[in-house]
Amino acid sequence: MFQYRTEQMKALVRQWQLQSMVIPGIIWMFIFCYIPMFWLIIAFMDFSIAKPMLESPFVGLKHFQDFMTDDRFWRSIRNTLGMSTIKLVLGFPIPIMFALLLNEIRSLRFKRTVQTISYLPHFIAWTIFGGIALNWLGEGGVVNQLMMALGFQDREILFNSDPKYFWWITFFTDTLKETGWSAIIYIAAIAGIDPGLYEAAELDGANRWQRMWHITVQSIRPTIAILFILAVSGILGSNFEQIFMLKNNMNMKMAESLDLYIYNMGLVSGRHSFSTAVLFARSIVALGLLLLANQTSKKLTGDSIF
Amino acid sequence: MARRGRFWRIGAFEVGNTLLMLAVCFLTLYPMWFVLVNSLNSPAQASLGTVNWFPKEFSLASYSVAFNDKTLMNGFYITTMRTIIGTVVHVLFTAIVAYGMSKSNLMGRKLYLKISLITMLFSGGLIPSFILMTKLGLYDSFWVFIIPSMYTFFNMVIFMSFFRTIPDSLEESAKVDGASDYGVLFRIVLPNSMAVIATISLFSAVYHWNDYYQGVIYIHSQELLPLQTMLYKIIAENSMSFMQQQAMAQFGARLPGNSIKFASMMVATLPILIFYPFIQRYLVKGVMIGAIKG
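Here the protein sequences come in this chain order: A and B.
With the working numbering applied, the first sequence has no gaps in its numbers, which climb one by one up to 306 at the end.
With the working numbering applied, the second sequence has no gaps in its numbers, which climb one by one up to 600 at the end.
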C-alpha cells in the first residue's frame with residue numbers, strides 16, 4: 001500500500017490538521033453558494049417545489065419572454081433605476097463632503113464626537129429607523145407639523161401613502177442613516193495624507209478651498225473611484241430591508257424595485273421559475289455593469305478594481 | 307491639516323462648519339430621542355405624535371405592556387439566543403478556516419481561493435436559496451439563523467490577512483514544544499487576534515440583532531419569530547399581538563398603539579445603545595481592516 005503513495009499524498013496526510021480546518025469551509029461554500037447557483041437552472045424549467053427538480057419539464061426561454069412583456073417588470077426596472085440614480089447622483093457625494101468638512105474641524109475632541117455620533121444610526125435596525133420614518137411622515141407626524149408651521153403646505157399630506165414621494169423618502173432616510181458610516185472610509189483615507197503636502201501648498205499661497213481641492217480630493221481619488229465603480233455596478237440592486245419596511249399597498253406603484261418584484265413573484269405568488277428567470281437576467285446585467293464601470297474608470301482616471 | 311500658525315483666527319468658515327456639524331449631530335440623535343421621549347410619555351400623549359423635547363406626562367405604562375407581552379418577550383429571547391449562538395459560531399468557524407488558509411504551504415490553497423472567488427461574482431439569489439433552505443429542512447427552524455450565516459468569504463479574508471501578520475517565530479516556538487496546529491491556533495494565534503475577533507464579532511452581532519428579513523422569509527411559527535421581525539409586523543403591517551390589542555382597548559382609543567410601538571422599538575434598540583459606547587472604538591479599526599481587501 002505505502003509504496004504507491006506519491007510524495008504529494010504523504011504531504012497531504014502530514015497536514016491533515018490544516019486540511020481539516022479548511023475543508024469544512026469549502027463544503028459549506030459548496031452547499032450554500034454552489035447549490036443555489038446550480039438551482040438557477042429552474043429559470044429554464046417549469047419547476048414545482050413539491051417534485052424532484054429533474055422531473056420538471058424544460059421550457060427554454062419561456063419565462064424570460066414572459067417577464068419581458070410584463071408591465072410590472074418594466075415598472076420595477078424604472079423604480080430601481082430611479083431610486084439608484086437619485087442615490088448615485090445626489091447621495092454619492094454627500095459622505096465625501098461630510099468627510100472633507102469634518103476634516104476641517106480643528107478641535108480633535110469635537111471632531112471625534114461628531115464622528116462617533118454620525119455613525120450611530122448605521123447600527124440601528126431598519127425596523128426602528130423605518131418605523132420612525134413612517135411615524136414622522138404620517139398623519140400628525142413631525143414632517144407635517146414642520147411643513148405647516150413653516151408655511152410650505154396648508155393641510156396634512158400622507159407622504160408615505162402618496163407614491164410620488166416614495167423615491168425621495170428612500171433617499172432621505174438612507175442618507176440620514178448611512179452618511180456617517182460611509183464617510184469613515186474617506187476619513188481614513190484623508191488621515192493617511194502626508195501633512196507636508198499641506199504645508200508646501202500653504203507656502204505656495206494656496207487658500208483653504210484650493211488645498212481641499214488640489215490635495216485632499218486628489219489624494220482620496222482612488223478611494224472615490226473604487227466606491228463609485230461598486231455603486232454603479234450595484235445600480236440594479238436596492239436596499240431590500242429599507243424598501244420592504246417603507247412600502248405599502250398605496251405606494252407600491254413607485255416602491256416595487258427589482259428585488260421586491262423577485263420576492264413578490266417568487267415567494268408571494270409562488271412563481272419560482274419566473275422569478276428565478278428575472279434574477280438570472282439581473283445577475284448577468286449586473287456583472288456586465290461591473291466590468292463596464294471598471295473599464296470606464298480605468299480609462300478615465302486610471303483607477304480600477306481589477 | 308497644518309496645525310501651526312493662525313489657528314486663533316476664527317473665520318466665518320469655522321463658525322459655519324461647526325454649526326453644520328452640530329446640525330448633523332442633531333439630525334442623527336433626534337430620531338432616537340423622539341422614540342425615547344414618546345415611549346416614556348403617557349399613551350394618550352404619545353398618540354398625538356407632536357414634537358416633544360421631554361415627556362409631557364411621564365409614564366411607564368407602555369413599557370409595562372411591552373415587558374408583559376409574552377410574544378414580544380419570546381421574540382427578545384429568540385433574538386438574544388440567535389445573536390449569541392450566531393456570533394460565536396460565525397467567528398469560530400470563520401477563524402478556523404482562515405487559519406488553515408493563512409498557511410502558504412497548505413496544499414490546494416490556490417484551488418480553494420479560486421472556488422471562493424467565484425462565489426463573490428455569482429450567486430444563486432433569493433429563490434434558489436429559499437428552495438435550498440426548504441430542502442435542507444431549515445425552513446421554519448431556529449438553525450436557519452445560524453447555519454447559513456456561519457461563514458462568509460469576506461470575513462475569512464479579513465481573519466486570514468490578520469493571521470499572516472502574526473510573527474512566525476511565535477508559532478514555531480509552540481510547534482517545537484509539541485503543539486498541534488489546533489493547539490497553536492487556540493493557544494497562540496487567537497489570543498493574539500483579539501482586535502480582529504472583536505471587530506468581526508461586532509459586525510456579526512449587529513447583523514443578527516438587527517435582521518428582520520430572514521424571519522419574514524424563513525419563519526412561519528410565531529414562537530420562532532425574532533424580535534425585529536415582530537417589530538416589522540407591528541409597525542409596517544400594523545398587526546399587534548393579543549396582549550397589545552387588549553392593552554390598547556384598555557387605554558381607550560385606537561391611537562395609543564403608538565406608545566406601544568415606541569416602547570417596543572426602545573426594547574429592540576436598548577442593547578445596541580447600551581453597548582455602543584463600548585464597541586464604537588473598534589469601529590474605525592474594523593472598517594479599515596475590512597477596507598484593505600474591500
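In this text, a Cβ means the ideal position worked out from N, Cα and C, and glycines have one as well.
Return the first residue and the last residue of the alpha helix (DSSP H) that residue i is part of.
i	result
residue 426 of chain B	415-427
residue 84 of chain A	71-86
residue 149 of chain A	142-149
residue 525 of chain B	It is not in any alpha helix (DSSP H) - residue 525 of chain B carries neither H nor E in the DSSP assignment.
residue 8 of chain A	7-14
residue 495 of chain B	Unbroken run through residue 495 of chain B: none, as it is neither H nor E.
residue 626 of chain B	A question about residue 626 of chain B goes unanswered here, because the residues of chain B that appear run from 307 up to 600.
residue 63 of chain A	62-68
residue 52 of chain A	Neither: residue 52 of chain A is in no alpha helix (DSSP H) and is coded neither H nor E.
residue 247 of chain A	No alpha helix (DSSP H) holds residue 247 of chain A; DSSP gives it neither H nor E.
residue 387 of chain B	376-407
residue 514 of chain B	500-516
residue 541 of chain B	533-541
residue 333 of chain A	Since the first residue shown for chain A is 1 and the last is 306, residue 333 of chain A is missing from the structure and cannot be characterised.
residue 195 of chain A	195-203
In chain order, what residues of the same chain lie with their CB nearer than 8 Å to the CB of residue i, ignoring the 5 residues before and after it?
i	result
residue 113 of chain A	none
residue 45 of chain A	53, 56, 57, 58, 59 and 273
residue 198 of chain A	211 and 215
residue 20 of chain A	none
residue 480 of chain B	489, 490, 493 and 494
residue 88 of chain A	231, 232 and 235
Could you name the residues of the same chain whose beta carbon sits closer than 7 Å to that of residue i, not counting the 5 residues immediately before and after it, in chain order?
i	result
residue 63 of chain A	43, 273, 274 and 277
residue 127 of chain A	245
residue 94 of chain A	175 and 179
residue 598 of chain B	Residue placement at residue 598 of chain B is flagged as unreliable, the pLDDT there being 49, under the threshold of 50; the coordinate-derived value follows with that caveat. Closer than 7 Å at Cβ, skipping near neighbours: 467.
residue 136 of chain A	142 and 143
residue 49 of chain A	272
Would you mind telling me which residues of chain B sit closer than 7 Å to residue i, beta carbon to beta carbon, in chain order?
i	result
residue 92 of chain A	Here the premise fails: no neighbours, minimum Cβ distance about 17 Å.
residue 39 of chain A	430, 434, 437 and 438
residue 240 of chain A	519
residue 222 of chain A	The premise fails here: residue 222 of chain A is roughly 12 Å from chain B at the closest Cβ pair, so nothing lies under 7 Å.
Any heavy atom of the ligand FMN inside 7 Å of the beta-carbon of residue i?
i	result
residue 369 of chain B	Inclusion of the ligand FMN in the displayed structure is not the case, the ligand content being empty and no account of it being possible.
Give the residues of chain B in contact with residue i, contact being defined as C-beta atoms less than 8 Å apart.
i	result
residue 168 of chain A	What residue 168 of chain A touches in chain B: nothing, since even the nearest Cβ is about 16 Å away.
residue 283 of chain A	428, 429 and 431
Relative to the C-alpha of residue i, which candidate in the options has its C-alpha closest?
i	options	result
residue 401 of chain B	A:22, A:77, A:138 and A:170	A:22
residue 515 of chain B	A:125, A:13 and A:191	A:125
residue 456 of chain B	A:218, A:28 and A:299	A:28
residue 264 of chain A	A:173, A:162 and A:243	A:243
residue 564 of chain B	B:398, B:436, B:396 and B:341	B:341
residue 504 of chain B	B:388, B:349 and B:461	B:461
residue 224 of chain A	A:302, A:109 and A:76	A:302
residue 37 of chain A	B:534, B:360, B:421 and B:317	B:421
residue 250 of chain A	B:469, B:542 and B:517	B:542
residue 535 of chain B	B:345, B:349 and B:388	B:388
residue 413 of chain B	A:200, A:118 and A:12	A:12
residue 104 of chain A	B:482, B:571, B:524 and B:325	B:325
residue 473 of chain B	B:520, B:483 and B:409	B:409
residue 107 of chain A	B:385, B:374, B:372 and B:321	B:321
residue 253 of chain A	A:164, A:213 and A:304	A:164
With DSSP as the reference, label residue i as helix, strand or coil.
i	result
residue 239 of chain A	coil
residue 152 of chain A	coil
residue 45 of chain A	strand
residue 310 of chain B	Any reading at residue 310 of chain B is ruled out, since the residue's pLDDT is 49, under 50, leaving its predicted position unreliable.
residue 364 of chain B	strand
residue 347 of chain B	strand
residue 59 of chain A	coil
residue 28 of chain A	helix
residue 223 of chain A	helix
residue 471 of chain B	coil
residue 36 of chain A	helix
residue 445 of chain B	coil
residue 269 of chain A	coil
residue 130 of chain A	helix
residue 168 of chain A	helix
residue 359 of chain B	coil
residue 411 of chain B	coil
residue 451 of chain B	coil
By the criterion of Cβ-Cβ separation under 8 Å, what are the contact partners of residue i in chain A?
i	result
residue 410 of chain B	Simply none; closest approach about 11 Å.
Please work out which residues of its chain come closer than 6 Å, Cβ to Cβ, to residue i, disregarding the five sequence neighbours upstream and downstream, and give them in chain order.
i	result
residue 232 of chain A	293
residue 307 of chain B	The predicted position of residue 307 of chain B is uncertain, since its pLDDT is 46 and thus under 50; a value taken from the coordinates is nonetheless stated next. Contacts found: none.
residue 96 of chain A	186
residue 261 of chain A	76
Residue i touches chain A at which residues, Cβ-Cβ below 9 Å?
i	result
residue 506 of chain B	The premise fails here: residue 506 of chain B is roughly 15 Å from chain A at the closest Cβ pair, so nothing lies under 9 Å.
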